[in-house]
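The next block holds one structure in the form of structure tokens; read it before the comments.
Numbering (the numbering used here), first residue to last: 8 to 374.
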């Protein structure tokens with residue numbers, strides 16, 4: 008067979024296959040004339056759609072300048088000179104912190120850890136004047152202290168009511184950050200009434216904020232947008248994966264302690280004489296307790312008010328005075344909210360029984 012006929016046969020076969028394939032494809036994908044027609048695009052679109060309009064205009068950032076101008080003159084840098092022992096022997100170190108003038112007579116509130124064990128204290132005002140500072144009183148439980156400088160007619164800050172704070176509220180932290188002078192950082196209130204364990208000592212009623220708190224800020228004020236002190240910066244969680252978690256002692260917690268330190272040089276606390284832990288559902292299930300909330304007594308101090316009241320190890324305190332007790336924190340705050348020599352009613356669970364007793368609180372021993 009000649010090449011001409013072979014080529015012609017190939018072309019014809021190709022055409023037959025192409026036409027046949029197209030016909031098969033058409034039969035497979037083409038809808039039947041009687042099948043219902045759908046239009047997904049037309050069914051789900053809306054030519055008149057638009058983003059919903061804002062019901063209120065966007066909130067702009069507040070103007071922090073008036074607050075800084077008002078408060079900053081009352082914030083001081085505190086430098087503590089300390090003699091410490093190290094590998095090479097005893098040497099002097101200088102610790103930077105902050106403070107806040109609470110009146111025009113030179114009284115300054117700060118943190119206990121800023122001035123504790125200080126050999127000498129120096130206070131620098133924002134106008135550049137430097138004074139020697141003297142310790143008026145310290146309280147390690149609250150991490151608060153008061154020092155005083157020999158000067159009068161000083162600018163001072165006003166104290167606000169921390170119980171009126173709301174989550175998301177703007178605040179400023181002002182202090183001697185990194186020991187390089189008084190600066191201000193902005194943030195919001197993240198949490199309220201937070202307990203934080205600091206080296207075995209629990210600080211209560213703290214304000215958590217996103218305002219940057221750095222070494223040297225300790226003892227400086229946390230202020231609201233009215234320029235009122237609503238906290239004293241104290242603690243920052245430091246870890247490589249942690250950002251923007253700092254704490255301040257609330258003004259309502261700090262104010263009575265500062266007053267006691269100025270008046271008496273010390274703070275006294277009522278004392279029950281027990282060591283307790285928080286009862287949780289998990290603890291209750293593991294120990295077969297009949298309640299899953301409360302303060303479980305782990306230890307009774309001999310000769311203390313709890314022993315005199317007939318309380319025993321293993322009892323679970325569920326009510327103290329007029330306050331419900333669901334945790335260790337609740338009990339400590341209830342005790343601190345009472346008075347020395349006050350007699351309080353205590354409701355507790357022993358085994359399957361609920362009992363009531365009373366205890367007369369005494370002053371907490373210094374040890």
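Where is the CB? At the ideal position from N, CA and C, for every residue including glycine.
Which listed residue (the options) has its alpha carbon closest to that of residue i
i           : options            : result
residue 183 : 79, 365, 371, 68   : 79
residue 315 : 268, 289, 330, 369 : 369
residue 161 : 74, 82, 92         : 82
residue 345 : 180, 334, 327      : 327
residue 69  : 166, 179, 123, 117 : 179
residue 155 : 128, 164, 176      : 128
residue 365 : 284, 312, 295      : 312
residue 187 : 84, 285, 141       : 84
residue 143 : 136, 157, 350      : 157
residue 190 : 59, 91, 138, 132   : 132
residue 205 : 173, 149, 113      : 149
residue 71  : 177, 215, 333, 317 : 177
residue 76  : 163, 175, 98, 53   : 163
residue 113 : 136, 310, 67       : 136
residue 319 : 239, 52, 349, 363  : 363
residue 322 : 239, 294, 95       : 294
residue 238 : 289, 290, 171, 270 : 171
residue 99  : 126, 349, 67       : 126
residue 429 : 217, 96, 343       : What the structure shows of the chain is the stretch from 8 to 374, and residue 429 is not part of that stretch, so it cannot be assessed.
Proximity of residue i and residue j at Cβ, strictly below 8 Å
i           : j           : result
residue 89  : residue 109 : no
residue 338 : residue 347 : no
residue 356 : residue 297 : yes
residue 119 : residue 159 : no
residue 196 : residue 227 : no
residue 307 : residue 281 : yes
residue 130 : residue 268 : no
residue 107 : residue 236 : yes
residue 147 : residue 122 : no
residue 223 : residue 104 : yes
residue 299 : residue 285 : no
Anticipated Cβ contact below 8 Å, residue i with residue j, distance rounded
i           : j           : result
residue 225 : residue 169 : 18 Å between Cβ atoms; not a contact.
residue 302 : residue 335 : 5 Å
residue 283 : residue 309 : No, residue 283 and residue 309 are not in contact; Cβ-Cβ is about 16 Å, not under 8 Å.
residue 332 : residue 151 : No, residue 332 and residue 151 are not in contact; Cβ-Cβ is about 26 Å, not under 8 Å.
Beta-carbon proximity list for residue i, same chain, < 7 Å, skipping 5 on both sides
i           : result
residue 361 : 354
residue 74  : 179, 230, 232, 234
residue 166 : 235, 236, 258, 262
residue 124 : 89
residue 351 : 327, 328, 345, 365, 366, 368
residue 272 : 143, 144
Neighbourhood of residue i by C-beta distance below 8 Å, restricted to the same chain and skipping five residues each side
i           : result
residue 373 : none
residue 134 : 80
residue 203 : 209, 210, 213, 242, 254
residue 219 : 180, 184, 192, 194, 251, 253
residue 358 : 297
residue 93  : none
residue 175 : 195, 196
residue 30  : Confidence at residue 30 is low in this model, with a pLDDT of 44, below 50, so the placement of that residue should be treated as unreliable; the coordinate-derived value is given next. For residue 30, where only same-chain residues beyond five positions count, there are no Cβ hits under 8 Å.
The ligand NAD heavy atom lying under 7 Å from the CB of residue i
i           : result
residue 280 : Absence of the ligand NAD from the depicted structure is noted, as is the absence of any ligand whatsoever, leaving it without description.
6 Å Cβ shell around residue i - same chain, five flanking residues per side excluded
i           : result
residue 371 : 276, 278
residue 330 : 341
residue 198 : 215
Legend entry - Entirely enclosed beta strand (DSSP E) segments - the segment 94 to 137, minimum 3 residues: 96 to 108, 114 to 118, 127 to 131
Inset, instruction - Give, in chain order, every unbroken run of the beta strand (DSSP E) that is at least 3 residues long and sits entirely within the segment 136 to 221. - result: 137 to 146, 151 to 156, 177 to 182, 190 to 205, 208 to 216
Inset, instruction - Identify every run of the alpha helix (DSSP H) within the segment 246 to 324, keeping only runs that are complete inside it and at least 4 residues long; order them along the chain. - result: 258 to 271, 288 to 294, 312 to 315
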